[in-house]
Structure formats: C-alpha cells, structure tokens
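Trainee:
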Amino acid sequence: MNQPAFSLNVLLRRADARWRQIEADRPDLTDAVTLQRALVQRIAGLTAAIEDSDWAPPNLEPTTIVKTLRGSHALLHEHPVALPMSLLEPAFHDLCAILADSGAGDAARHIHDVVREQRLDATSLLNASLARRQSNIRAGAVHLDLAPDLLWLVAELTVGPIAQDFQRSTLTGDVDSAVRETLDAWGLGTCPACGSWPALGESLHGDVTLRCSFCGGGWNLPTPACCPYCLSPGVLHNPASSDQPERQLLSCEACCGYLKVVGVTEPIPFVLLPIEDLATTALDVDAMARNLVRPPLPEMAAKPPDDECQDTSTAD
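Quick note on numbering that gives the first Met the number 0: the sequence shown kicks off at 0 and runs consecutively.
(1) Since S231 sits in a beta bridge, which residues does DSSP pair it with?
(2) Which two residues bound the contiguous beta strand (DSSP E) that contains S250?
(3) Report buried or exposed for G102, applying the criterion of at least 16 other Cβ atoms within 10 angstroms of its Cβ.
(4) Whose C-alpha, out of C190, Y228, L248, is nearest the C-alpha of N237?
(5) Which same chain residues end up closer than 6 angstroms to R108 when comparing Cβ atoms and leaving out the 5 residues on each side of it in sequence?
(6) What residues in its chain sit with their C-beta under 7 angstroms from that of I42, if we drop five residues either side in the sequence?
(7) Taking 8 angstroms as the cut-off, decide whether the C-beta atoms of S128 and A154 are in contact.
(8) Quick one: what does DSSP say V261 is sitting in, helix, strand or coil?
(9) Give the range of the alpha helix (DSSP H) segment to which G44 is assigned.
(10) Under DSSP, the alpha helix (DSSP H) around V174 begins and ends at which residues?
(11) I want to check one thing, is the minimum distance from the CB of P266 to the heavy atoms of the ligand PLP below 7 angstroms?
(12) Mind checking E275: buried by the 16 CB within 10 Å criterion, or exposed?
(13) Contact criterion: CB-CB distance below 8 angstroms. Does A55 meet it with respect to chain B?
(14) Are the stretch 63-74 and the stretch 181-198 in contact at 8 angstroms, needing three or more beta carbon pairs?
(15) Just to confirm, are H78 and L94 a CB contact at a threshold of 8 angstroms?
(16) Cutting at 8 angstroms between CB atoms, please list the residues of its own chain near V263, excluding the five before and the five after it.
(17) How far does the beta strand (DSSP E) with L145 in it extend, from its first residue to its last?
(18) Check the DSSP bridge columns for D206 and list the partner residues they point to.
(19) Below 8 angstroms CB to CB, which residues in the same chain sit around L45 once its five sequence neighbours on both sides are set aside?
(20) Express the C-alpha separation of D173 and R115 in angstroms, rounding to a whole number.
(21) Within a Cβ cutoff of 7 angstroms, which residues of the same chain sit near I21, ignoring the five residues on either side of it in sequence?
(22) Taking all protein chains shown into account, decide if Q163 is buried (16 or more other Cβ within 10 angstroms of its Cβ) or exposed.
(23) Across which residues does DSSP place V351 in a beta bridge pair?
(24) Determine the DSSP secondary structure at L87, reduced to helix, strand or coil.
(25) Counting C-beta neighbours from all protein chains within 10 Å, is the total for P191 16 or more, i.e. buried, or is it exposed?
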C-alpha cells in the first residue's frame, strides 16, 4: 500500500491528537508519551531540514533493485547512501540530550560525549544503523563501554528520516513494473527496503500489510497466516479474544514470535507508526505474559572494516 501524502504540519497535528487520546486512555503511558513527543518533534525538524536541503537519496536503476530483491537482500543492506552529516550529527546530539533528560541520564550523555570527542565515528555509526548492522554497533558499544541498546536507538532515530526518504523514493509511487512484480513476490518477513522486522501489521479489507517503523515500508507475505519471523505457513493465529476487535495479537506456534495488528482505513503515515506502536503497548504486555517474543534482527554477512561502526580511539 502506498502511503497517503500529508504535509509534515498536518501529520504533527494528527500526532498530537493521537498522543492526547493515548494519555486519556492510558494515564500510565503519560511519561512515555512525553518522551515520544519530544523525540518525534526533533525528528520532524530534521525531516524538514532534509527536505529543504539539496540532499537526495541515490537513484537506483530498476534492474539493480530487481537483482537485489531477487537475491533476498534488502536494498539498504547492499547499496550505500551518502549521508548529510551536517544535518544528522546535530540531531544525534539533540536526541541524546532528550533521552538523557527523560531517564537515560549518564548513559545517554556518555554516548553524546564519545561521539562529540570523535572516539566513535558518527558517519560509520549512522551508516551501520542505516544498513541494520546491529552486531557491529553492539560490538562498538561494548568496546567503548556504551549502552548497546541505547546507542542503537539513538542512531536509529537519527537516520530514520533518511531511510524513509530512500524507501519512499525507491519503492513507492510510479515504480517500474518489474520492480513492482519483484516486490509483490518478496517472500521474507523483513522489510525489502531496509531489512527490519515489522513493527506491526495493518488490517485493511481483510488483508494484512506488514509495516516497518524504521523506513515506513509496507509489504505483504505471499502465504496467508505465514509467520514473518520463521516463515512457517498457517501457524499465525490470535491466541485470545480481544475487547478491542480493531487490535489483534497474532502468535506463531512454531517460533513463539508475535505480531500486533491494527485495523485501518488507510495506511498509517510514517510519522504516526511509532505512536501506534506505543498505543498498542497492552498487546506487548499480553505477549510477554504468554512468553511470546520478537526475535532479534537476522545476522548479516560481515562487511569490510571501512563499512563497520568504527571506534576511532587508540589503544593505550
């Protein structure tokens, strides 16, 4: 499904209305909403700055896209993107500050300082995040005594607008027919644009579209009720009835993975995807109570050292 076109200001007004609704329905999520609001507003500012700049995602040839996808590789795993670091690096430090003020404290400040002091190369870090190289980022974090999950989060938030622009320009709209056919035949549970797992599924007219909250991509599995994680056919089911029929928790008997599904009348705009993820936190709690999991990202083949998340510090 293609996403409807909305201006950033319209989306932010919709986001604010959704946050107010979440706070009214779930007062226990007020702190989480406050943090998410601050993060999304900074990311929206970054998105606007990117749109106003002369940066543009790479223009991949249709034959290149088809070859990559037919090889079961996500596009951002295989094709580098030149990053506008003059825009991204200030946003990275601002996001660290927001997280530090919202509970992450010294762990977020330490990440800020290490990158500012160039002990961790910001360009390498953000390139690793864009290519979903979680193991590289984790290894760099451990070596520098940084919180791995927090470093992954800040990098992901910073480079997300780049991933979304790449996905939108490459795989949506008036794409080449061969690219469209290859996308329709994509048989993996990971996003064809970036390689992430789906954050949730959208149910529209009985069909479920998987949605990526990193790049905003949407894709379908060819087999109904196929698990996006282990690809076992016909095992994804709703383990319990819900008092909110527009929300479902689907689980896999084979791998114990789960997928949140929300009913929609149109595809959720990219900016609103993490808000819907937060709004369905009750489903995550239910999943944990049932010992259901979201597996880690699939490991990728190693890249040469100059493509990795680089520690620029020197040994004593």
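Even glycine gets a Cβ: it sits at the ideal position worked out from N, Cα and C.
Mentor: Working from what's here:
(1) Its beta-bridge partners do not exist; DSSP assigns none.
(2) 246-251
(3) exposed
(4) L248
(5) A99
(6) L156, G159, P160
(7) yes
(8) When DSSP states are grouped into helix, strand and coil, V261 belongs to the strand group.
(9) 29-51
(10) Per DSSP, V174 is not a residue of any alpha helix (DSSP H), being assigned neither H nor E.
(11) This structure lacks the ligand PLP, and indeed carries no ligand of any kind.
(12) buried
(13) Of the chains in the structure shown, none is chain B; there is only one protein chain.
(14) Under the Cβ criterion (8 angstroms, minimum of three pairs), the stretch 63-74 counts as touching the stretch 181-198.
(15) no
(16) E201, S202, L203
(17) No beta strand (DSSP E) holds L145; DSSP gives it neither H nor E.
(18) L203
(19) Around L45, the same chain offers L86, L87, A90, T157, P160 as residues with beta carbons nearer than 8 angstroms, after the five sequence neighbours per side are excluded.
(20) 41 angstroms
(21) The answer, listed in chain order, is L28, V32, L277, A278.
(22) buried
(23) Coverage of the chain is limited to positions 0 through 315, which leaves residue 351 absent and any answer about it impossible.
(24) helix
(25) buried
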